[in-house]
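Engineer:
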Amino acid sequence: MAEPVQDVMHAMAREQCYLCVMTLVETPPADAPPAADLRRAHKEFLADLERKGRIFGAGKLKNAKEKEKTDLGYGMFILRAESRVEAESIAFQEPNTKAGLRTMKLIPWQRTEGDINISISFTNGTVKIDRRSYLLESS
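Position one of the sequence shown corresponds to residue 714 (the numbering used here), numbered consecutively onward.
1. Counting only runs that start and end within the stretch 759-811, where is the beta strand (DSSP E) found for 3 or more residues in a row?
2. Are Ile-791 and Gly-770 closer than 8 Å when you measure CB to CB?
3. Taking the alpha carbon of Val-734 as the point to measure from, which residue in Thr-740, Lys-778, Ala-745 and Asp-784 has its own alpha carbon closest?
4. In whole angstroms, what is the alpha-carbon distance linking Gln-823 and Leu-759?
5. Closest to Ile-833 by CA distance: which of Leu-849, Glu-801, Val-738 and Arg-767 is it?
6. Just to confirm before moving on: does the CB-CB distance between Asn-809 and Leu-732 stay below 8 Å?
7. Around the Cβ of Glu-795, are there at least 16 other Cβ atoms within 10 angstroms (buried) or fewer (exposed)?
8. With a cut-off of 8 Å, does the C-beta of Ala-800 fall near any C-beta of chain B?
9. Arg-752 by DSSP, collapsed to three states: which one?
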């Protein structure tokens with residue numbers, strides 16, 4: 714039987730993750746499928762990681778509303794992984810990376826602070842996640 718954690722706050726304070734930053738390649742391999750053909754596979758890959766509790770967040774590196782972009786990369790996801798070997802074995806399976814359409818850079822990150830607030834109101838049919846609200850469909 715495992716020993717109980719004596720310092721719960723210390724144990725909860727750190728979660729090893731990796732920032733998985735993807736950049737579009739300038740010259741894709743000649744035999745690579747079109748990026749549009751991999752869009753669904755990419756979304757399914759991320760959804761599978763989410764279902765398994767392995768992904769903290771994902772998205773493009775831009776602010777479309779203000780037409781702001783970054784030179785850091787095209788998109789990223791934050792992967793929960795205990796080691797670089799584990800992170801690489803998962804991250805490099807991303808379909809665009811695997812096909813040679815994107816490069817993948819892994820940056821270690823220990824999440825030590827932050828929060829996520831979730832509120833569900835059955836009365837008015839809303840879900841609030843942090844500062845965003847969603848109206849649930851009524852049946």
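Using N, Cα and C, we set each Cβ at its ideal position, and we do this for glycine too. The model shown is predicted, which means the values in this text are computed figures rather than measured ones.
Structural biologist: Taking the coordinates as given:
1. 768-773 and 788-793
2. yes
3. Asp-784
4. 20 Å
5. Leu-849
6. no
7. exposed
8. Going by chain labels, chain B is absent from the structure shown, which holds only one protein chain.
9. helix
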